[in-house]
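K.L.:
In my numbering, the protein residues as written are 18 to 284.
#1: Am I right that residue 25 and residue 187 are in contact with their C-beta atoms under 8 Å? What's the rounded C-beta distance?
#2: Excluding the 5 residues flanking residue 136 on each side, which residues of the same chain have their C-beta closer than 8 Å to its C-beta?
#3: Span of the beta strand (DSSP E) holding residue 129?
#4: In the structure shown, what three-state DSSP assignment does residue 120 receive?
#5: Roughly how many whole angstroms lie between the Cα atoms of residue 83 and residue 264?
#6: Taking its Cβ as the centre, do 16 or more other Cβ atoms sit within 10 Å of residue 129, making it buried, or is it exposed?
#7: At a Cβ threshold of 7 Å, is residue 137 touching chain C?
#8: Quick one: what does DSSP say residue 275 is sitting in, helix, strand or coil?
#9: Tell me, please, which residues DSSP counts as bridged to residue 212.
#10: Closer than 8 Å is the cut-off here; do at least three beta carbon pairs connect the region 242-262 with the region 222-234?
#11: Count the other CB atoms within 10 Å of the CB of residue 72; is the residue buried (16 or more) or exposed (fewer)?
#12: Around the Cβ of residue 183, are there at least 16 other Cβ atoms within 10 angstroms (buried) or fewer (exposed)?
#13: Among 193, 273, 165, 110, which residue has its Cα nearest to the Cα of residue 207?
#14: Have a look at 89, 96, 102, 58 and flag the residue whose alpha-carbon is nearest the alpha-carbon of residue 69.
#15: Taking the continuous beta strand (DSSP E) assigned at residue 50, which residues delimit it?
#16: Tell me the rounded alpha-carbon separation between residue 11 and residue 58.
#17: For the beta strand (DSSP E) holding residue 26, just list the boundary residues, first then last.
#18: Which value, in whole angstroms, describes the spacing of the CA atoms of residue 19 and residue 134?
#19: Using only CA atoms, which one of 33, 243, 233, 37 lies nearest to residue 267?
#20: Since residue 100 and residue 126 should fall inside the 8 Å C-beta cutoff, what is the C-beta to C-beta distance between them, to a whole number of angstroms?
#21: If we ignore side chains and look at the alpha-carbon of each, how far apart do residue 51 and residue 96 end up?
#22: For residue 78, collect the residues of the same chain with a Cβ closer than 8 Å to its Cβ; drop the 5 residues on either side in sequence, then sort them by chain order.
#23: Helix, strand or coil, according to DSSP, for residue 100 in the structure here?
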């Protein structure tokens, strides 16, 4: 293990990526292939979830196959992966049942949602609150794709952050072009965190650290759609202290996901 302990807070894995091949930086269909890429980048642990479903060889609109693949990878590499379940909130009772299946049977440790792809608002109480209540009861985080109008601009997360103050909320991509709003939310709400993803520039990541504090920014790459090393280079280029960089690279996500005990584990 290198001098830095690194948790990548944003990774996709599973067979559905077969349909995404033209956009991938490396093969992430299996745990073995992802661990190989993590080793090459110097990443110790990755938070993984199913990729979005868009048709193709695998029919998985409810993320059943995707969640199974995540669980299988976590069982195979328990010291390298933290798995989150993914559901489509529009399915309502089926989404709640799938989340409970992920938590109770697969022992996954969080929830991933994509308001833009599934066309729902995180402020929709009818769809969101039953899922958020499960996460609140179990002390689990939710990670969200954020930034696209009209379903996931950062300000739409205000009601959720206020209603569930004990649920850590990752805003992936630092809100894209709405990054200023995302920074305001992370500064205002103790349970809101910003995740870097592949599209965030060094300047935007630096602005997030200045505006919300290093303790509210988490390294994530959005692999395999981006190379983990690219985002790592942006974090390493920040004008921050070693302690702040350690929080961004691992400390914050370790705290959110209760994995401080892994901080001494080698590859």
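Cβ atoms here follow ideal geometry from the backbone N, Cα and C, with glycine treated the same way.
P.N.:
With the structure as the only source:
#1: Taking 8 Å as the upper bound for CB-CB distance, residue 25 and residue 187 are not in contact here, some 12 Å apart.
#2: 107, 168, listed in sequence order.
#3: According to the DSSP assignment, residue 129 belongs to the beta strand (DSSP E) that extends over 128-130.
#4: Secondary structure at residue 120: helix, using DSSP grouped into helix, strand and coil.
#5: Cα-Cα distance, rounded: 30 Å.
#6: Residue 129 comes out buried.
#7: Although the question refers to chain C, the structure presented lacks it and comprises just one protein chain.
#8: Coil at residue 275, not helix or strand.
#9: Listed as beta-bridge partners of residue 212 by DSSP are 189, 235.
#10: Segments in contact, yes.
#11: That one is exposed.
#12: By the C-beta density criterion, residue 183 is exposed, having fewer than 16 other C-beta atoms within 10 angstroms.
#13: The candidate whose alpha carbon is nearest that of residue 207 is 273.
#14: Residue 69 has its Cα closest to that of 102, out of 89, 96, 102, 58.
#15: In this chain, residue 50 is not harboured by any beta strand (DSSP E); it is covered by the alpha helix (DSSP H) spanning 48-58.
#16: The shown model of the chain, from 18 to 284, leaves out residue 11, and the question about it has no answer.
#17: Note, residue 26: beta strand (DSSP E), 24-29.
#18: Because residue 19 carries a pLDDT of 45, less than 50, the predicted location of this residue cannot be relied on, and no value is offered for it.
#19: Nearest Cα to residue 267 within the set 33, 243, 233, 37: 233.
#20: At roughly 7 Å, the Cβ-Cβ gap stays under 8 Å, so residue 100 and residue 126 are in contact.
#21: Here the C-alpha atom of residue 51 lies approximately 13 Å from the C-alpha atom of residue 96.
#22: Within its own chain, the residues whose Cβ lies closer than 8 Å to the Cβ of residue 78, once the five positions on either side in sequence are excluded, are 70, 105, listed in chain order.
#23: Strand at residue 100.
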